[in-house]
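Chains as they are written, first to last, in this note's numbering: chain H, 1 to 311; chain X, 1001 to 1251; chain A, 2001 to 2284. Take a look at the structure set out below.
Pasting the structure below:
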């Protein structure tokens, strides 16, 4: 039980830290960076829940992000709905896409599923460009209304969403849902032989993952106030997977730290201008070689172990 | 008393190969029935057909009065048939305890403390009581076999299909495992089907034997009858003395 | 009609070169190489660089580009991929990272404008009333020749048999004295060279810019799914199907729809016959 109390303390400490940070240092720039990192956190956590637990790496997470963002964009501009409709609508659309794409692709083995999802995201990107008359093409959709006027207010809202999503997915991962997903990673046939409807759980976890990715996408749309086909790009999916790697695969909470770290890194690299993406990609390779188990989750576990030892 | 499972005219071919041909038998509740046959006789294929992993070409399988045709493997498992596999397949990356819990999740409708208690009890029963928190990768092969059985039992099956449970075990471990199977069978009135090559232990365990060769039933009867059955002897010894020698040595 | 026949053939030929290389390295080493598209890109850019900047004659530039890309492929396999082989995700990630690094390197060196790769054959031919660029015909002919040569190489030479052995069971091949690690490198070199050759041949008439690696990967994947992973005949057949499907769609509807064809084909195949036409384990 001591372990659980440390976890709760750690979580509360982190939330407090994130809440207080903009109050201490102020400035819209910091709030902006924090907001982006929180949204990436939502995307990373949602990815980890499905792919981290089942081991089915989804290389097309950007698909659900883009779907959510564009749904928000359309709803807000073309159809004139108020911003608060965006989140639920984005989630529903993303979930629909997850069912449609998940059904044929989830039966594939690991890497093929990854590539199938990658292809789907690429095609969505193409479709946004092909139908430029409806979607705004390269420019995308502009003039989306902010959800909350105050920058700080929106940040707190996004942070709240992150906390909620992480708590929810962490609870699911620790419940028998998580056990089943991890067992599916272990051996699908044996799961079937144990009476588990593997197909249902695979699709359900993809749907849940997609729902929150879409929610994040809607948040992003109302933050940037515009959406473009770039959201569907491969870079987005890979960035998120890198964040999960850094955070610690299958930990659910680790990716939050991974997201913050990597967004910070990207900001620091801003000075390098054109070299940014290059340095980023090389960093990715280094991480793959030297941090296969991640940074955040293993570090936290070590901290807990140290604290758990009696003085 | 109607049979627990009734198989009629079951057939399956793969391309040009007839893996299972017109197999028919019935098993009463509480029996331990052994499936005997040389390698390639179609025994594991039979299991795959019964549990829905492979669709059969013709024939029928009726379990507890219910036709199993077209049902997905997880539904058949949910109806009360559990199986183990020839090669141990534990859920890697999880503990022994978690493995057993998952075994029961498919049929218990949501887990919870009742399933946990059941899992603890099963692990004690198979002799893995002190090893619950170990990662499955660290278990010895004999222990992995026990885990397989505990996991299969977690689903509270009416019929348990064992596929070569003694494979890869030493004679001491075989005796232990055999005793375990017998005790589980006695306690819960479980019906057991058993594929095995280790003849000596096999003959001691089973009430009745069905012998297969090239996918067809060549004999059915008590262990004593089967051992003397000409077709069975030919199937085994006719394959070359080496194999029969090896089996009597290993048993 | 004849136009479709010829242009479809050209497309199919280029796709076949890409898909065969992709399925080759998978069939032998079980590596889904997401950097495969970059070999194609580097082939095209190499030809451009050696002719435009180093002023080398085209044939020399082409061969040099192909050779260097082959070496690069070996480097990627040996240094970056082999340590990651324990995890398929890691291999995917690292090859994708390599693709991104190459894309950025090309962008930083050459900028994002489209570059001109010189053609071997400048003249236009007219066949049966249809105008076809000579370069396209060359691409078609060269690709057929190269794939045929590869096929003969694998079926008839000792090295080819070694490759087949390794594709079936690398460990067993090792016990037989076949150095599977070296075979992996050789196959990677072949795979990269084929892709680079496609880049050199197709560069003159297809777009050359830093992100040109992505679509070929999506299409190669589609072809390989439809044809069956690890099967060269399957890849060739599927490449033909895709090449023609795209050409027909391009003519009947519009060129911007052509990419959808590959994805649609992939999705449909996955729904109805996930093993592809020639099944997963049909090695060659």
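Ideal Cβ placement from N, Cα and C applies to all residues, glycine included. In this text the structure is predicted, and so the values were computed from the model without any measurement.
| Query | Result |
| --- | --- |
| CA nearest to the CA of residue 90 of chain H, picked from H/214, H/221, H/278 and H/222 | H/214 |
| Continuous beta strand (DSSP E) assignments of at least 3 residues falling wholly in the stretch 2006-2091 of chain A | none |
| CA-to-CA distance, residue 1131 of chain X to residue 50 of chain H, given in whole angstroms | 29 Å |
| Residues bridged to residue 1012 of chain X [DSSP beta-bridge criterion] | X/1020 |
| Cβ neighbours of residue 1078 of chain X in the same chain (closer than 7 Å, five flanking residues each side left out) | 1106 and 1107 |
| Length-filtered (3 minimum) beta strand (DSSP E) runs lying within the stretch 240-281 of chain H | none |
| Span of the beta strand (DSSP E) around residue 1211 of chain X | 1208-1213 |
| Below-8 Å beta-carbon distance, residue 1251 of chain X vs any chain H residue | Confidence in residue 1251 of chain X is poor, its pLDDT being 49 and thus under 50, which makes the residue's placement unreliable; the coordinate value appears in the next sentence. No, because no Cβ of chain H sits closer than 8 Å to the Cβ of residue 1251 of chain X. |
| For residue 1054 of chain X and residue 1004 of chain X, the rounded distance between their alpha carbons | 21 Å |
| Residues that residue 196 of chain H contacts on chain X, provided the C-beta gap is smaller than 7 Å | 1074, 1105 and 1106 |
| 8 Å Cβ shell around residue 1100 of chain X - same chain, five flanking residues per side excluded | 1119, 1122, 1123, 1147, 1150, 1151 and 1154 |
| Contact belief for residue 2261 of chain A with residue 2249 of chain A at Cβ below 8 Å, rounded distance in angstroms | 5 Å |
| Alpha-carbon to alpha-carbon, residue 1051 of chain X and residue 1251 of chain X | A caution first: residue 1251 of chain X carries a pLDDT of 49, below 50, which makes its placement in the model unreliable, though a value can still be read off. Whole-angstrom Cα-Cα distance: 28 Å. |
| Where residue 301 of chain H sits in the DSSP three-state scheme | helix |
| Backbone secondary structure at residue 1193 of chain X - three-state DSSP | strand |
| In chain order, each alpha helix (DSSP H) run of at least 4 residues that lies wholly inside the stretch 2195-2266 of chain A | 2214-2227 and 2232-2252 |
| Residues that residue 2169 of chain A bridges to, as DSSP identifies them | According to DSSP, which records beta bridges pairwise, residue 2169 of chain A is partnered with nothing at all. |
| Chain H contacts made by the stretch 2198-2221 of chain A, where a contact means CB separation under 7 Å | 2214, 2218 and 2221 |
| Neighbour flag for residue 123 of chain H against chain A, beta carbons, 8 Å | yes |
| Buried versus exposed call for residue 2284 of chain A [16 or more other C-beta atoms within 10 Å across all chains shown] | Confidence at residue 2284 of chain A is low in this model, with a pLDDT of 26, below 50, so its placement is unreliable and no value can be given for it. |
| Residue-chain proximity (residue 2024 of chain A, chain H), Cβ-Cβ < 8 Å | no |
| Cutoff 8 Å: residue 1155 of chain X Cβ touching any chain H Cβ | yes |
| Cβ separation of residue 193 of chain H and residue 1073 of chain X, assumed to be a contact under 8 Å, to the nearest whole Å | 6 Å |
| DSSP-derived helix/strand/coil call for residue 230 of chain H | helix |
| Contact check, residue 2041 of chain A vs residue 2100 of chain A, beta carbons under 8 Å | no |
| Local Cβ density within 10 Å of residue 2016 of chain A, reported as buried at 16 or more and exposed below that | buried |
| Backbone secondary structure at residue 2126 of chain A - three-state DSSP | strand |
| Cβ of residue 224 of chain H within 8 Å of any chain X Cβ | no |
| Stretch pair the stretch 270-284 of chain H + the stretch 1008-1027 of chain X: three plus CB contacts closer than 8 Å | no |
| Cβ pair residue 2226 of chain A, residue 2276 of chain A closer than 8 Å | yes |
| Contact between the stretch 1223-1234 of chain X and the stretch 1054-1068 of chain X (3+ Cβ pairs under 8 Å) | no |
| Counted within 10 angstroms of its Cβ, other Cβ atoms place residue 78 of chain H as buried (16 or more) or exposed | exposed |
| Alpha helix (DSSP H) segment containing residue 62 of chain H, residue limits | 61-77 |
| Buried versus exposed call for residue 2281 of chain A [16 or more other C-beta atoms within 10 Å across all chains shown] | Only weak support is given to the placement of residue 2281 of chain A: the predicted model assigns it a pLDDT of 44, under 50, and the question is left unresolved by the model. |
| Residue-chain proximity (residue 1151 of chain X, chain H), Cβ-Cβ < 8 Å | yes |
| Distance between beta carbons of residue 2050 of chain A and residue 2067 of chain A, contact taken as under 8 Å | Contact flag wrong, Cβ pair sits at about 11 Å. |
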